Each structure stands twice: as structure tokens, then as C-alpha cells.
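Notes follow the structure.
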Amino acid sequence: MRVEISTKRIYSDFVKKVEEINGQTLPPCYQCGKCSAGCPMSFAMELLPNQIIRLVQLGLEEDIAKSNTIWICASCITCSLRCPRGVDLARVMEALRLITMRKNIDHVKISEIPQETIAELPQLAMVGGFRKLTA
Ligand code: SF4
Ligand code: SF4
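The numbering of the sequence shown is this note's numbering, which starts it at 1 and goes up by one.
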């Protein structure tokens, strides 16, 4: 992946918004990878949790949006508990989902889910999924 680094992006409204929703200034991540090593969903992620935190620090919102990672994250908080620098990555993932949904962007189109799938899925799982994946 080719990344463009600039101070404008690092001090962008996007980074401020992540910190604001997150409720804390992002602590320094030194890319040890412990978050990704313990993540039970990393096998399905296009970008690993440590890569996401680096992209957030660099203000590269578009690159984060191109990957499926924030939607695959199961909010299990393993990454937050493993981080030696106190980065609450699970909350960062939640902040990134909220920022996307506030733009009225749905990750799942409810109208495109086949009727048979809806009939088979447990209702509670569907409601939980829609809360997480739709604006
Ligand atoms: S565990 Fe913490 S310090 Fe290590 S890569 Fe992940 S966020 Fe960064
Ligand atoms: S909260 Fe998300 S990113 Fe962190 S370990 Fe769990 S699934 Fe992975």
C-alpha cells in the first residue's frame, strides 16, 4: 500500500474526531503487533488492527474506509487488553464505525439480504448486526 504522509492529515479533523469519540488522546503505538497477534478476527481482515491504528495516527481515513477491518472487528477488546501502550483499539474501531455511519453510509444493505437468510437468522443476532452495520 502506498501512503501519503502530511502534517495536514496528522492534525486533521478526522484524527480529532476519533480522539473525541474515543474519549482519549491516542497513546503512542510503537507497532509491536500484540493487538493483531491476539485478534480472533484477524484472519478475515484486509488490514490488521496495528495497521489500522497506524493509519489513524497518520490521518489516512480513506485507506481505512477501503478495508473491511472495522466491520469485521467483533469488539471483543482482546487488543485493548494486550496493548503495552494502553491503546484502546476496540474503542478506536468503534469510533471509526461511528464516523462512517454518521455519514449515513451502511455497511450492509438490509434490502439486499435474501428472505431465506432473514428467515434463518436469529432475530437478536440480526438486530445486533444491524445496530453495528447500518446508520
Ligand atoms: S498492541 Fe498497542 S502498541 Fe502494539 S501495535 Fe497494537 S496498538 Fe500498537
Ligand atoms: S476488538 Fe476487534 S480488533 Fe480488537 S481483538 Fe477484538 S476483534 Fe480484533
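Where a beta carbon is used, it is the ideal one built from N, C-alpha and C, also for glycine.
As the structure is a computational prediction, the values presented were derived from the model and not from experiment.
{"query": "Cα-Cα separation, ALA65 to MET101", "result": "11 Å"}
{"query": "Closer than 8 Å: THR117 CB and nearest ligand 2 heavy atom", "result": "no"}
{"query": "Contact set for SER42: own chain, Cβ-Cβ below 8 Å, skip 5 residues either direction", "result": "SER36, LEU48, PRO49"}
{"query": "Among LEU81, LYS103, TRP71, GLU94, the one whose alpha carbon lies nearest that of ALA44", "result": "TRP71"}
{"query": "Contact test: ASN50 Cβ vs ligand 1 heavy atom, cutoff 8 Å", "result": "yes"}
{"query": "Nonlocal neighbours in the same chain, by C-beta distance under 6 Å from SER75, ignoring five residues either side", "result": "ALA90"}
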